[in-house]
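Comments concern the structure below.
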Amino acid sequence: MNSMKKRGTKKSEKSEITESVIMKEKKKKMMKKRCRLMKYEELPVYLQDNEFIRDYYRCEWPLKDVSLSLFSWHNETLNIWTHLIGFVIFVTLTVTSLTEKTAMETLLAGFSRPADEGRWPMMKKNGSADSFPVSYNSQISNPSFLGAYGDGYEVATWPWFVFLGGAMICLVFSSVSHLFACHSHKFTLFFWRLDYSGISIMIICSFFGPLYYTFCCQPYWCLFYLSSITIVGILVIITLFTPALTSGKFRSFRAALFLAMGFSGVIPAAHAVSLYFHHPQVLVALVYEIAMGLLYAAGAVFYVTRFPERWKPGAFDLVGQSHQIFHVLVVAAALAHSIATLVIMDWRRGLPPCSADILG
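FYI, in our numbering the residues of the sequence shown are -8 to 351.
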């Protein structure tokens, strides 16, 4: 009887082990199936954003696998990395600004060369360059990123760092959103809202440098413009927190909101030009700001039209899709704005001081 019981026990143990192995194998197969790349038609409705991207979707993967997909190839890989690389660029700019004055001085010298070196031959020809302050012309050959502002004052650098911070927030929010939004419906809603908030934050922060350095001697105008764009930006963020507005149907609406925010800068720009038209460096900065606007507008066109994948669905699933182009143009526009901000900051440094309380 005892031997029979022992045999029965061994058989039950073997069957339990066998069942456990089978369950593990089934689980592995299910995980492999779950972590495969899917076609557009297989996706749940909440992940169906662009019908012209036909394949290579991640769908409801476990968080660990979603995280590791940062280093794998799918239709969001370049969307993640274009802005992740942009983030690294702006981190480098921030560290350089904080630690390496010489590098920033070289950068400033390259982008803020005066009219008499041939950068603005028309201004030299018509004589308007002669009205540019002597203090600037005497200092531009050795510009100082943290240089003295007039007699003992320094130009505040916090608006420059506000912009850098806004750019880094936008780019890292974008990268993280493109990485994790596929995990679940809740993640999709949360991360796309985070993404749109990041865009709004960068637009708001982009205004601080040019507005502060241009209007720091007109504090009421400076406060008015900065308050206005901040309030508008907050309202845009609140509006885009509506769940329905995260869907692809409202792509054009979102683009229009962001463009309206950005191009509201035309008003203070026109004001600045009316005040400082004869200052070559202001016009240099304006050229870079126009370049920024054109790059953002071009990005919005790609974002809304979904070209080129609309032209040939499936051909640009991995490389060359509209959102990737949009991301590259956003980084390029932010870099153009960086140059404009540095130029206008160095210009302000070369002007006579306002008063200590205004300069902050």
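No residue lacks a Cβ here, since even glycine has one placed at the ideal position from N, Cα and C.
Keep in mind that this is a model prediction, so the values were computed, not measured.
Counting other Cβ atoms within 10 Å of its Cβ, residue 149 stays below 16 and is therefore classed as exposed.
Comparing alpha-carbon positions, the option among 56, 72, 53 lying closest to residue 316 turns out to be 72.
A check of alpha carbon separations from residue 206 across 251, 146, 163, 177 identifies 146 as the nearest.
According to DSSP, residue pairing for residue 29 in a beta bridge involves 48. Per the coordinates, the alpha-carbon of residue 171 lies some 24 Å from the alpha-carbon of residue 244. Contact between residue 267 and residue 273 holds: their C-beta atoms lie close to 4 Å from each other, under 8 Å. DSSP places residue 148 in no alpha helix (DSSP H); its state is neither H nor E.
In the three-state scheme derived from DSSP, where H, G and I count as helix and E and B as strand, residue 207 is classed as coil.
Assignment of residue 67 by DSSP, reduced to helix, strand and coil, places it in the coil class. Counting the other Cβ atoms within 10 Å of the Cβ of residue 339 gives 16 or more, which makes it buried. Below 8 Å, too few C-beta pairs join the region 152 to 160 and the region 176 to 187 to call them touching: fewer than three. Taking all protein chains shown into account, residue 334 has 16 or more neighbouring C-beta atoms within 10 Å of its C-beta and is therefore buried. The Cβ atoms of residue 309 and residue 289 do not sit closer than 9 Å to each other.
If you look at residue 256, you'll find it isn't in any alpha helix (DSSP H); DSSP assigns it neither H nor E.
For residue 54, the uninterrupted alpha helix (DSSP H) segment begins and ends at 54 to 59. With respect to residue 41, residue 169 sits apart: the two C-beta atoms are not nearer than 9 Å.
For residue 284, the enclosing alpha helix (DSSP H) covers residues 271 to 296. A direct Cα-Cα distance of roughly 9 Å separates residue 327 from residue 276. Proximity to residue 332 across 249, 196, 75 peaks at 196, based on C-alpha coordinates.
Between the alpha carbons of residue 224 and residue 179 lies a gap of roughly 22 Å. Shown here, residue 240 sits in a helix according to DSSP, grouped into three states. Contact between residue 191 and residue 252 holds: their C-beta atoms lie close to 7 Å from each other, under 8 Å.
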